[in-house]
Amino acid sequence: MDTGRPQSARMYDYFLGGKDNYPVDWGDRPQCSGDLRGLSHATGDFDPETWERVVEAYRKGGTPAQVRSRAEFTSFFEGLELVSPGMELAAHWHPEPGAQRAETDRIPLYVGVARKP
């Protein structure tokens with residue numbers, strides 16, 4: 001791998017308990033200026049009781065699950081520069097022109113893209 005050039009990587013399963021792999025995926029991987037990190041993650045910020053039940057249902061089925069708060073999700077971008085519009089709810093990140101925001105406020109998914117300086 002040429003660590004002097006931006007690279008791409010695909011990450012998934014952090015909702016399904018993969019949080020322990022996160023430092024391995026990014027912390028040990030050489031990064032160069034211009035690398036981009038794009039992430040999305042479910043959150044329980046707006047309806048914690050429902051998400052507690054969802055996470056428990058996954059766990060009862062043998063699948064670990066994890067939702068994260070805005071602050072927890074934001075920590076995945078430490079040391080990077082967020083790309084406009086920053087870290088947002090998925091429906092607000094790049095909404096369609098004329099989209100009614102009230103209809104999309106209930107989608108509990110944060111997204112963000114950041115660049116290595």
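One point on numbering: in the working numbering, the residue at position 2 of the sequence shown is 2, and numbering is uninterrupted. Here a beta-carbon is modelled for each residue, glycine too, at the ideal position from N, C-alpha and C.
Under 7 Å, do residue i and residue j count as touching if we go by C-beta distance?
i, j, result
"Ala42", "Pro108", "yes"
"Val67", "Gly44", "yes"
"Lys116", "Leu82", "no"
"Phe76", "Leu36", "no"
For the putative contact between residue i and residue j, defined by C-beta atoms under 8 Å, what is the C-beta separation to the nearest angstrom?
i, j, result
"Ile111", "Glu88", "According to the sequence displayed, residue 111 carries Val and not Ile. The Cβ separation is near 6 Å, so the contact holds."
Once DSSP output is grouped into helix, strand and coil, what is the label at residue i?
i, result
"Val54", "helix"
"Ser75", "helix"
"Glu49", "helix"
"Ala42", "strand"
"Val24", "Caution is warranted here: a pLDDT of 41 is assigned to Val24, below 50, making its placement in the model unreliable, and the coordinate value is therefore given only provisionally. DSSP places Val24 in helix when its eight states are reduced to three."
"Arg70", "helix"
"Arg37", "strand"
Per DSSP, which one or two residues make a beta bridge with residue i?
i, result
"Leu82", "Ala114"
"Glu172", "Residue numbering for the chain in the displayed model covers 1 to 117; residue 172 lies beyond these limits and cannot be assessed."
Any Cβ of chain D within less than 7 Å of the Cβ of residue i?
i, result
"Val54", "Looking for chain D here will not work: only one protein chain is present."
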